[in-house]
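If you count the sequence shown from 1, you need to add 7 to reach my numbering. Backbone N, C-alpha and C fix where the C-beta goes; we use that ideal spot for every residue, glycine too.
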Amino acid sequence: MIESAMLQPIEVDPWRFCRDGQSWETRSDVAAFPRLAHEFTQGTLFCRVVGRVDQRGSLALQLAVSGKVELPCQRCLGSMPYVVDVGRTLYLARNEAEMERLDALPDSDAIQAGETLNLVDLVEDEVLLSLPLAVMHAEGECSVTGAQ
């Protein structure tokens, strides 16, 4: 079932979420995400966040977001299809020093986590960071004549 009402914040204790191997997922219209609704004109996203403990004992969030959405072309303002495909592992750090240590590991990204973490905000952050700076149709594909 696709959720279309505005998603409420999903606040979790990130440390417990990872230690207990908890997960959260949703299939929602982009309009259900407060910040993504301003970027996309339509589409659906499947989001999954899984907490885990890796072989070193580090706590991590495995994040996956995928879907087909529409973005406005910044050249012609017409609708442009875009495929969202985000897959990230984010290690939890308690402080700046731990975050630097985790970031120094190969293929590692870390976030400084407090007592609570909003999973909807985390998903939105990662999707927004994955977008190109300027979304435009390829040359000659704009829907407005003369927009080249």
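If you compare the alpha carbons of Q15, P16, I17, W22 with that of Q119, the shortest gap goes to W22. Annotated three-state conformation of C25 is helix, per DSSP. In the pairwise beta carbon analysis, the stretch 107-118 is classified as not touching the stretch 40-59: fewer than three pairs are separated by under 8 Å. Just so you know, the alpha carbons of L135 and R55 end up roughly 16 Å apart. V91 carries a strand assignment under DSSP once its states are collapsed to helix, strand and coil. T123 sits away from D27, with the two beta carbons spaced by 8 Å or more.
Going by DSSP, E103 is part of the alpha helix (DSSP H) stretching over 103-111. Note on G94: under 16 other CB atoms within 10 angstroms of its CB, so exposed under the neighbour-count rule.
Beta-bridge annotation (DSSP): L52 is paired with S35, G74.
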